[in-house]
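What follows is a set of notes on a single structure, which appears directly below.
There are 2 protein chains.
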Amino acid sequence: MKTLIVHAHPEPTSLNGSLTSLAVSTLEGAGHEVRVSDLHAMNWKAVVGAEDYGPHASTPLDVVRDSGRAFDAGTLTADVLAEQEKLLWADTVIFQFPLWWYAMPAILKGWFDRVFTYRFAYGVGEHNATQYGERFGEGTLAGRRALLSVTTGGPEAHYAARGINGPIDDLLFPIQHGILYYPGLEVLPPFVVFGADRMPREDYPDVAKAWEQRLRTLATTEPIPFRRQNFGDYEIPSLALKEGLEPLGRSGFGLHVRSA
Amino acid sequence: MKTLIVHAHPEPTSLNGSLTSLAVSTLEGAGHEVRVSDLHAMNWKAVVGAEDYGPHASTPLDVVRDSGRAFDAGTLTADVLAEQEKLLWADTVIFQFPLWWYAMPAILKGWFDRVFTYRFAYGVGEHNATQYGERFGEGTLAGRRALLSVTTGGPEAHYAARGINGPIDDLLFPIQHGILYYPGLEVLPPFVVFGADRMPREDYPDVAKAWEQRLRTLATTEPIPFRRQNFGDYEIPSLALKEGLEPLGRSGFGLHVRSA
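So the sequences go chain by chain: A and B.
Here our numbering = 1-based position in the first sequence + 539.
Here our numbering = 1-based position in the second sequence + 539.
Written as structure tokens, this is what we have:
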């Protein structure tokens, strides 16, 4: 197994730092290859700009088309090319980050904004009567697996079905479905440590044990059964879920996960 | 009216740039005061780090507590203090940005990560039997209004109730509820321009007209009726929505909006 860990926390000795270290030692100890993109240590540039597209930056700047032309020409910046190469090398990608304001930290969002360029992660495949590009289950990263490992400040109850923050699965849906499944990654159920800000030190061994268990079963864990876009569940090109697939009146992100 | 516009797009002549320019001219033309934080023009630092907290950065770094201590001592960096001052000056805050990967661009997320510090935007108010801090309807920014003005690449159908991207209201919920309503801002229904990447130039006048109409009615538009945290709708401290307030079995973000 070849695992890329994308790590986004400013403090190496944090809980997030410990979970990444444990992932490296556990996976390497099991004979797997591991590479880590530690975004703070790399001083990762988070902000998209014309300088990302070199000779292909047009005036006015067109982020979609310019990034696609630079990708096709191989003239994206070295930092972005290196991350795309790591993604293509890996069969498994772990994202380790704290949930800040109900979303990923800016440095990680900037990794996606810059690495997931047009023609690499979107704008892939033809549009015709039976497919709307290769996305949501197909695409450049198809055949690979992804896993979010997330810490939250608030306790689990606040992220429950009726909790004030909204269900954790819904908060993570735009990442798991909209970002990871979009270019073809199969997404494993997330590993979430709730209440991390007030977690007593003596709770860490149990968290570590649970994380090791998830790491040891990466290859055999069933992914979240998101519905594939081009295989009959959606009208094309409206991409509305077809009638009859879920009870009428149901709505929300859960529609896009096949029922058991 | 005093309006702060937080603008996050790298190309001044983009649709986002045009919408911000139109907002400035429309609001100033109506006699209001307007300030703009153009994050790319300001070269906004998007990434949280120890350097943000000066003498209050501890070793190891503790983002929550260090940011709160620096806030209390008035020693946050000048760029962050300036944005907090603008928020306190404004009675209305508009956020203008493109939806990239179903979320805000990194530069804007980094504005929230750095400006919405502990003790300013969270960690405000006491915890006791009847309140869980001042948040979700109360807090530092209570009495002010916020509005998202967002462009999307995909067409509206993809963001409909049964569309593959998920409903636009659910995609924006973590921002509107989790980030803006949390420190007390009342959030107006968003202004969304769908299909922006392929919008013909001749469609712009209609978009501009609709945007001007929203700008002229900012003061009289009803905010989204999110449920206030400390006024009887939630159990404390679990913050579970009380039984009986919505049909059992309903779940998802919509629970946290009062029915008409």
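Don't be surprised by glycine CBs; every beta carbon is placed ideally from N, CA and C.
Can you tell which of the options has its C-alpha closest to the C-alpha of residue i?
{"i": "T631 of chain B", "options": "B:E774, B:R701, B:E782, B:A758", "result": "B:A758"}
{"i": "R740 of chain B", "options": "B:P549, B:A547, B:S553", "result": "B:S553"}
{"i": "P728 of chain B", "options": "B:T756, B:L558, B:G771", "result": "B:T756"}
{"i": "A629 of chain A", "options": "A:E572, A:F651, A:V619, A:L600", "result": "A:E572"}
{"i": "A685 of chain A", "options": "A:W650, A:L724, A:T598, A:I718", "result": "A:L724"}
{"i": "H546 of chain B", "options": "B:V689, B:V587, B:K781, B:E761", "result": "B:V689"}
{"i": "W639 of chain A", "options": "B:D577, B:P762, B:G717, B:A696", "result": "B:G717"}
{"i": "R766 of chain A", "options": "A:V746, A:V796, A:V603", "result": "A:V796"}
{"i": "G693 of chain A", "options": "A:R737, A:R683, A:D618", "result": "A:R737"}
{"i": "T760 of chain B", "options": "B:R683, B:V587, B:R674", "result": "B:R683"}
{"i": "Y698 of chain B", "options": "A:L794, A:A747, A:M643, A:V587", "result": "A:L794"}
Taking 8 angstroms as the CB-CB cut-off, is residue i touching chain A?
{"i": "R608 of chain B", "result": "no"}
{"i": "V602 of chain B", "result": "yes"}
{"i": "Q768 of chain B", "result": "yes"}
{"i": "W639 of chain B", "result": "yes"}
{"i": "L626 of chain B", "result": "no"}
{"i": "S553 of chain B", "result": "yes"}
{"i": "L780 of chain B", "result": "yes"}
{"i": "P599 of chain B", "result": "yes"}
Could you list which residues in chain B have their beta carbon closer than 8 angstroms to that of residue i, in chain order?
{"i": "Y657 of chain A", "result": "Here the premise fails: no neighbours, minimum Cβ distance about 10 angstroms."}
{"i": "D736 of chain A", "result": "V603"}
Give the interface partners of residue i over in chain B, defined as CB-CB distance under 7 angstroms, in chain order.
{"i": "N704 of chain A", "result": "G717"}
{"i": "K648 of chain A", "result": "A642, A645, K648"}
{"i": "D618 of chain A", "result": "In chain order: nothing, as chain B lies at least about 14 angstroms away."}
{"i": "F712 of chain A", "result": "G705"}
With 16 as the cutoff for other CB atoms within 10 Å, does residue i come out buried or exposed?
{"i": "K648 of chain B", "result": "buried"}
{"i": "L778 of chain A", "result": "buried"}
{"i": "P637 of chain B", "result": "buried"}
{"i": "E550 of chain B", "result": "buried"}
{"i": "F659 of chain B", "result": "buried"}
{"i": "A749 of chain A", "result": "exposed"}
{"i": "L787 of chain B", "result": "exposed"}
{"i": "A569 of chain A", "result": "exposed"}
{"i": "Q715 of chain B", "result": "buried"}
{"i": "D742 of chain A", "result": "exposed"}
{"i": "P764 of chain A", "result": "exposed"}
{"i": "T542 of chain B", "result": "buried"}
{"i": "F655 of chain B", "result": "buried"}
{"i": "H666 of chain B", "result": "exposed"}
{"i": "S564 of chain A", "result": "exposed"}
{"i": "N704 of chain A", "result": "buried"}
{"i": "N555 of chain A", "result": "buried"}
{"i": "T679 of chain A", "result": "buried"}
{"i": "F712 of chain B", "result": "buried"}
{"i": "F770 of chain A", "result": "exposed"}
{"i": "D798 of chain B", "result": "The question names Asp, but residue 798 of chain B is Ser in the sequence shown. Answer is exposed; the Cβ neighbour count stays below 16."}
Thinking C-beta only, is residue j closer than 8 angstroms to residue i?
{"i": "G593 of chain B", "j": "A580 of chain B", "result": "no"}
{"i": "I544 of chain B", "j": "Q623 of chain B", "result": "no"}
{"i": "G662 of chain A", "j": "Q768 of chain A", "result": "no"}
{"i": "V726 of chain A", "j": "I707 of chain A", "result": "no"}
{"i": "Y641 of chain A", "j": "L558 of chain A", "result": "no"}
{"i": "A735 of chain A", "j": "A645 of chain A", "result": "no"}
{"i": "L566 of chain A", "j": "L754 of chain A", "result": "yes"}
{"i": "T691 of chain B", "j": "F651 of chain B", "result": "no"}
{"i": "H595 of chain A", "j": "T614 of chain A", "result": "yes"}
{"i": "S790 of chain B", "j": "A700 of chain A", "result": "yes"}
{"i": "A589 of chain A", "j": "L600 of chain A", "result": "yes"}
{"i": "Y671 of chain B", "j": "G607 of chain B", "result": "no"}
{"i": "V619 of chain A", "j": "R653 of chain A", "result": "yes"}
{"i": "S597 of chain A", "j": "D605 of chain A", "result": "yes"}
Under 9 angstroms between beta-carbons, which chain B residues line up against residue i? List them in chain order, please.
{"i": "H666 of chain A", "result": "In chain order: nothing, as chain B lies at least about 12 angstroms away."}
{"i": "F651 of chain A", "result": "W639, W640, A642, A645"}
With a threshold of 8 angstroms between beta carbons, is residue i in contact with chain B?
{"i": "E550 of chain A", "result": "yes"}
{"i": "D709 of chain A", "result": "yes"}
{"i": "V586 of chain A", "result": "yes"}
{"i": "D630 of chain A", "result": "no"}
Taking Cβ-Cβ distances shorter than 9 angstroms, what residues in chain A pair up with residue i?
{"i": "G791 of chain B", "result": "A700, G705, P706, D709, S790, G791, F792, G793"}
At 7 angstroms on the CB atoms, spell out the chain A contacts of residue i, in chain order.
{"i": "S777 of chain B", "result": "A696"}
Closer than 8 angstroms by beta-carbon distance: list the chain A residues that pair up with residue i, in chain order.
{"i": "Y773 of chain B", "result": "I703"}
Quiz item: the segment 670-693 of chain B: which residues have C-beta closer than 8 angstroms to a C-beta of chain C, in chain order?
Solution: This model lacks chain C altogether, as its protein chains are A and B.
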